[in-house]
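Heads up: the sequence shown begins at 21 in the numbering used here, then just goes up one per residue.
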Amino acid sequence: MSASTAPRRDPPRRQSGGGTPTVGEQLWHNGFFFLSAVMAAAALTDLSGGRVANGLGDLGICCLMLSLMTQFRFVRAVAQASNTDSPEKARAALQREAEQVRAAHPWAERVNRTGWALLITSLVLRLMGAA
Numbered sequence: 021m022s023a024s025t026a027p028r029r030d031p032p033r034r035q036s037g038g039g040t041p042t043v044g045e046q047l048w049h050n051g052f053f054f055l056s057a058v059m060a061a062a063a064l065t066d067l068s069g070g071r072v073a074n075g076l077g078d079l080g081i082c083c084l085m086l087s088l089m090t091q092f093r094f095v096r097a098v099a100q101a102s103n104t105d106s107p108e109k110a111r112a113a114l115q116r117e118a119e120q121v122r123a124a125h126p127w128a129e130r131v132n133r134t135g136w137a138l139l140i141t142s143l144v145l146r147l148m149g150a151a
């Protein structure tokens, strides 16, 4: 078969826990990806209209949504830990899950920090009277 007639296969999605993503993970990921794209569009609209503080705030929210895309497993672990009788075991399980998420997605923490920095900058600009 030539390259143009060979069936196309999408590369497998890498998950921090291995295996195929659950329906909940797919919905979480796709929802935050869509919302981050909407916020990026709003940021570009604000920036092109000269509203720098609003644009930076929207861009910060976009970054935070991108960083949340990888957090579904951790949120699920928090919900499961709240239903356990042993807080020590739950705390240890949450710490393991958080480390696994960080190791699988090292970029998410940097994007998260950038998002918060942009939001704080936006707030400071608004307090100073910038549009």
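Every residue gets a Cβ at the ideal spot worked out from N, C-alpha and C, and that includes glycine. In this text, all values refer to a predicted model and were calculated from it rather than measured experimentally.
The C-beta of M148 has fewer than 16 other C-beta atoms within 10 Å across all chains shown, which makes the residue exposed. The stretch 74-85 makes contact with the stretch 131-147, as at least three CB pairs between them are under 8 Å.
Between A128 and L86, the C-beta spacing is below 9 Å. Secondary structure of G75 (DSSP, three-state): helix. Boundaries of the alpha helix (DSSP H) around H49: V43 to S68. Sequence-distant Cβ neighbours of A101 in its own chain, meaning closer than 8 Å and more than five residues away, are A110, R111, A113 and L114. The three-state secondary structure of T141, taken from DSSP, is helix. The shortest C-alpha to C-alpha distance from R122 to any of M89, A73 and D66 is the one to M89. Excluding sequence positions up to five before and after A62, its CB lies within less than 7 Å of the CB of D78, all in the same chain and listed in chain order. Under the criterion of beta carbons closer than 8 Å, E117 and A97 qualify as touching, at roughly 4 Å.
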